[in-house]
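*Asks:*
Protein chains in written order, with our numbering: chain Z, 66 to 602; chain W, 6 to 1040.
Here is the structure:
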């Protein structure tokens, strides 16, 4: 597990690296070449070795630190990223260092192959009816309760026509009648109709009198089509995707190993070269030390002797130290960017972004309560009773998704986790009553001493959720967008005009205050929104 | 210019020979700092293997470890419902109407729940009768979360299964059917139509059933008298709002007399309207809450009360009743009789004397007066106990006539005076079983303990008064493996019904008629008598007055009996305190810490005794160096029963030659150590009579009290409690009886309100909250104090901390005695002092309360000054003012300098000395998960080192504002409430927005009686008071 985390980490480093400025890249490479050119310069060799030593120390220190952090994450299940920019800088420096010695890893990078999603047009092999139209009709009318190959609210419909004919001896006419008026058939006492009705918990099927026999033929054609090819294609794509993700893991390992080896070799080489050069120099009678001795007063000594400079420098050091110390202290307890690993990989991107589900559909209590509320699992089941698998991208997952392992199967697996938690028996479409509440890791943690009311901001002020929670619809993994510090609250209260239109509550107070301040719009601060006791009690 | 004034803190300081005082003067820390214990012993020091380097290592390591541990924030889990219950929205409170009927307290109430947890009790304003929660009912929600509750059925003290109990009881019932042995029920008063029906059904199946109702504190005399006269075992009801003259003989109707609940009507009549208010004359021995509120209080020993009642009847009846009362009392009775005659049907007489004759006489007087406040048509059913039946049951048990004994809601081993007899008798019962929520004295001696539901987990109903029904519904699922009595009986009868179905059946067939069950359940109350009918019933009453001659003769015998009451030695009156009642909630920390309204002592009961008797016996109360109050101990003997080491409080107003002792204390079984307080007065409750002949003897030693208020008198500072008489109030200008204090400006006396150090802010925009406290309507009952506790998560600090004046009450009710006979007398006396010597001795005298003082109650919370002295001295701006008139307190900003508390003229700020939550040193309710469930999630639980105080329930006002904003409407008057104003059913505390001209609080602020506390300080408080008016009209 720890090692897996380690790899994850390096994966992320590659991603950062990829996005790194290419020009910087070239400069580095050029620099490297120039170093190679000046290889015989002894001073440079000394310089290079010293850089190497520093880089090595830096690198190993970082490795140790990161492994510790990974360890922490394992314990606390959290990925805390304060000063993300800073860390990426450090990553950058490391890679600069690495690049000094390697260039062939670049080859690996471009080699990422895009798995070709198998595009197969479903072959229609049914005589009557148009399966393509049928698919459309099926999706419009039937898919809410029926699937082709599994029971849902109603029975599975793959090959329903032949099944009925073979098993029950019921012809198409029966199906026409059933689809157009199932209740009528049940009340008329049709044996199979009653049986089906009872079997599916007496859930009445909507009557579709608008469907013509032709339409039904089309639907039946669709259901009769050979087990739809796209399903297999997706599976195939999934398999390749899975393979790809696995192999990418292996390549990472290989890269890592190779890197270390090359690194070690280079270090060895440099040491050897250094020694050799020294020997050559000695053999040629050049005293290396002399170069130093010939110099006049070293800069640092000159610096140390100039008391004014020392004073200015130390003041500068102290001030900047204090500045950074203050900055560091101020971020204690601020969890901006906090992005913990959740027990179920719930993607806001898919729900709020791709499917455009209104935030307050799930977080309904945000309208009336101080809590936005994590939706109860029964809310999830409103949709996920019928959405039992993820087939979000018809083209299959993108390379980015694949790199992260977000395949359709992965998401489907997460839906199964939901079923397990809520105690939903997919086979029989029933709740087993055996539920295990999900222990989400809370992301936005306001201290107890601060009172915050969602309904005040959502219902009264009409503020978008994204104002504080950021681009949730783009978040694959939810993280804390805003710092949630008091300064941040206050700032918004100072700057934001209160939504007072059409609210009888504000009528009197608005009139009086706008006269007093001579303004038309009022900020929350002008209404007393900065008073301590409004949030602390 | 040397001043010869001597400043002193304590009487003892004036005594130069007092060693304690001298020592304290010389030495700030009288106790040695115990460094020697660990540094003094050289040998152990040198033997220790820990050297300096080790020490540094440990320190270094622990510092490093602590800083490392602080690096990572904790991971907080959030667990949503799997299936969210309908109507529960996290963060939004739900209210349910229910009923408390625990045998002592009966009321229709609302329960506030958050996420399914009951957290607060509110009054049910829809209820005409019994809709008011007193302090005990307010606190009862905490008893639900009592960590000492038994969590499942027990068999001989060992955990058992319900199946075992069911099987055993069913087998025994089958065996007892048609046997000549009794199946006995010994239960509390239920006043429940469904339970009555259930027991009748049970009796029909088992004819050998014997149901005995037992009230711990009996109202048997009143019940018997009423039954004799009206043929029904019930209690006459009194609507004191209708009475212009109330004469009470030892009836503590503002306390627990006949189940209480009379304070709301009483208070309404006490607020002067159009120059009229009711007059209240009170005869009693102990100083009760009711006596403290009376216009005229006549201290009388219990035996004299009976004589006085007889004499009064004689006066009213113009018959000659000879008594040996002294002249003063006779005069008082003459006056009362004259006033009664004058007031006629507008007068009422009530009596709490435990004597059937006295009760009969009172009923007769009320009939004679055709009192409109007296209601015998629709009596109250909240006391049913029959003392004879209880005695008979114990006798039957002793003779082996009882096959099975089932108890519910009673604790006879604690409450019976002859508990030892009961213990012996219960051994002779084949099967004994008790329903109980807690392990107690009774469950200890019986075989089976059926773990019972708290009332907030139960179904039930009650008929508090004839025609006024109330429903009880569970507000939380059973926390433990418990079952309520009625449900168990149904099961044992072999019924498949749940008790809910059973109640519904009772109600739909017998009570509701056309009305719907759901509505009744929603409202919690249902009345078969309309308001109009209630008015008419009085008319019927007055017409239906007729007495046959036989009745008259027996009445005369009763009067003669009363007149000839004899007594010897001292007389003891047992009473119940508003904070503890009959003691069933003795393990409720809120109630233990609730100070008695009269003595202001918490965590104890005590013997109250008059100053004169205390002097005779050599008993003292004294304040000690750390500010605590100590009292002598005595040994009391009643009828051979001895209780030793009873602490003594010298009670001004206590009738001479009498003592008082309260019920409800002295419980020990199943209680946490700290809750085991006081002595058990039930041991002296012979024949269920609250008055007993007693002998008192001084014991050695002193008792340490936890007293909230050490100063007893105002010493003439009339601007704190302003008072006047009805006569002056009606005839004089308000500047005379409610003057604005004057201060000197440029050597000229000007009204204090006209001088200001500060710039005033414009507070006319938005809301500006004010609170009005009417000293006439406040009876001092303390329901607001507990409501404040519950709403604001006020911690309980324990007896030792209270003793050090570290109580945390945000709202206190000060009680002041007058030093002269009246407060007016105090003012006059103070003004007439001349010279330093006279004022020194004079003030010394004024420290002592009068023998029968006037009393005033004054609720004091943070006054939310517009020019607050606390705000200006806070170095970190933790306390600040809002434009809504509330003085804010940001706890997270407070660094605990306590400057604000020092600068507060009202002394309402409280300092958190310790971490009271999660701290086993304070083992009350905040240190266990169960007890924490009562915490209000909208209010911060304060940590140590901060000042806290009343916030005018800002969480409630903010919620009201937010609700209005969300609904897009203006706020109506009455929507703004605080916990205390909500809890005050007397209308003494009114809260509102003074920028809303139509609000009640504006009208109250403009009244002549309005004044601010310490107006001369210039703090401009947002809490104001109303001058207390006393109806001293003797004519």
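A virtual CB, placed ideally from N, CA and C, is assigned to each residue, including glycine.
Keep in mind that this is a model prediction, so the values were computed, not measured.
1. At the level of alpha carbons, what is the spacing between residue 326 (chain Z) and residue 349 (chain Z)?
2. By the DSSP assignment, the beta strand (DSSP E) with residue 703 (chain W) in it spans what residues?
3. Within 8 Å (strictly less), CB to CB, does residue 488 (chain W) reach chain Z?
4. By the criterion of Cβ-Cβ separation under 8 Å, what are the contact partners of residue 569 (chain Z) in chain W?
5. With 16 as the cutoff for other CB atoms within 10 Å, does residue 489 (chain W) come out buried or exposed?
6. Taking only the alpha-carbon atoms, compute the straight-line gap between residue 279 (chain W) and residue 652 (chain W) and give it to the nearest angstrom.
7. Can you pull out the residues from the segment 875-892 of chain W whose beta carbon lies closer than 9 Å to at least one beta carbon of chain Z?
8. So within the segment 140-216 of chain W, which uninterrupted beta strand (DSSP E) runs reach at least 3 residues, ignoring any that extend past its ends?
9. Starting from residue 441 (chain Z), find everything on chain W with Cβ-Cβ shorter than 7 Å and list it in chain order.
10. How is residue 4 (chain W) classed by DSSP in three states: helix, strand or coil?
11. Is residue 476 (chain W) helix, strand or coil when you go by DSSP?
12. Could you pull out every unbroken alpha helix (DSSP H) segment of at least 4 residues lying fully inside the segment 268-317 of chain W, listed in chain order?
13. Between the segment 461-469 of chain Z and the segment 554-564 of chain Z, do at least 3 Cβ pairs fall closer than 8 Å?
14. DSSP state of residue 103 (chain W), grouped into three classes?
15. For residue 469 (chain W) versus residue 386 (chain W), is the C-beta distance shorter than 8 Å?
16. Between residue 439 (chain Z) and residue 1009 (chain W), what straight-line distance do the alpha-carbon atoms span, to the nearest angstrom?
17. Taking C-beta to C-beta, are residue 1025 (chain W) and residue 872 (chain W) nearer than 8 Å?
18. Could you round the C-beta distance between residue 809 (chain W) and residue 436 (chain W) to whole angstroms and report it? I think they count as a contact, below 8 Å.
19. Given this structure, state the Cα-to-Cα distance separating residue 906 (chain W) from residue 876 (chain W), to the nearest angstrom.
20. May I have the straight-line CA-CA distance separating residue 259 (chain Z) from residue 270 (chain Z), to the nearest angstrom?
21. Let me know if residue 516 (chain W) comes out buried or exposed under the rule of 16 or more other beta-carbons within 10 Å of its beta-carbon.
22. Could you list which residues in chain Z have their beta carbon closer than 9 Å to that of residue 771 (chain W), in chain order?
23. For the candidate residues W:972, W:213, W:151 and W:974, whose alpha-carbon lies nearest to that of residue 406 (chain W)?
24. Against chain Z, which members of the segment 92-105 of chain W pass a CB distance test of less than 8 Å?
25. I'd like to know if residue 959 (chain W) contacts chain Z, where contact means its C-beta is closer than 8 Å to some C-beta of that chain.
26. Classify residue 675 (chain W): buried if its beta carbon has 16 or more other beta carbons within 10 angstroms, exposed otherwise.
27. Can you tell me whether residue 763 (chain W) is buried or exposed? The criterion is at least 16 other CB atoms within 10 Å of its CB, across all chains shown.
28. Less than 8 Å between CB atoms is the rule here; does residue 895 (chain W) satisfy it with respect to chain Z?
29. Any beta carbon from chain W within less than 8 Å of residue 584 (chain Z)'s own beta carbon?
30. Find the residues of chain Z that neighbour residue 72 (chain W), judging by a C-beta separation of less than 7 Å, and give them in chain order.
31. In whole angstroms, give me the CA-to-CA distance for residue 244 (chain Z) and residue 275 (chain Z).
32. By a C-beta neighbour count over all protein chains shown, 10 Å radius and 16 as the cutoff for buried, is residue 254 (chain Z) buried or exposed?
33. Quick check: the Cα distance between residue 251 (chain W) and residue 298 (chain W), rounded to an integer number of angstroms?
34. Could you give the first and the last residue of the continuous beta strand (DSSP E) run that contains residue 384 (chain W)?
35. Please return the same chain residues whose Cβ sits closer than 8 Å to the Cβ of residue 146 (chain W), not counting the five positions on each side in sequence.
36. Less than 8 Å between the C-beta atoms of residue 157 (chain W) and residue 439 (chain W), yes or no?
*Replies:* Straight from the coordinates:
1. 34 Å
2. 696-712
3. no
4. 973, 974 and 975
5. buried
6. When rounded, the distance between both Cα atoms is 47 Å.
7. 882, 883, 884, 885, 886, 887, 888, 889, 891 and 892
8. 187-192
9. 85, 86, 87, 88 and 89
10. Chain W is shown only over 6 to 1040; residue 4 (chain W) falls outside these bounds and no answer can be derived.
11. strand
12. 268-275 and 294-298
13. no
14. strand
15. yes
16. 46 Å
17. yes
18. About 50 Å separates the two Cβ atoms, so there is no contact after all.
19. 10 Å
20. 12 Å
21. buried
22. 573, 574, 577, 578, 592 and 593
23. Minimum Cα distance to residue 406 (chain W) is reached at W:213.
24. 94, 95, 96 and 97
25. Chain Z, which has a Cβ nearer than 8 Å to the Cβ of residue 959 (chain W), makes this yes.
26. buried
27. exposed
28. yes
29. no
30. The premise fails here: residue 72 (chain W) is roughly 11 Å from chain Z at the closest Cβ pair, so nothing lies under 7 Å.
31. Their backbone Cα atoms lie some 10 Å apart in a straight line.
32. Answer is exposed; the Cβ neighbour count stays below 16.
33. 12 Å
34. 379-385
35. Around residue 146 (chain W): 116, 123, 124, 125, 126, 461, 795 and 939.
36. No. Outside cutoff.
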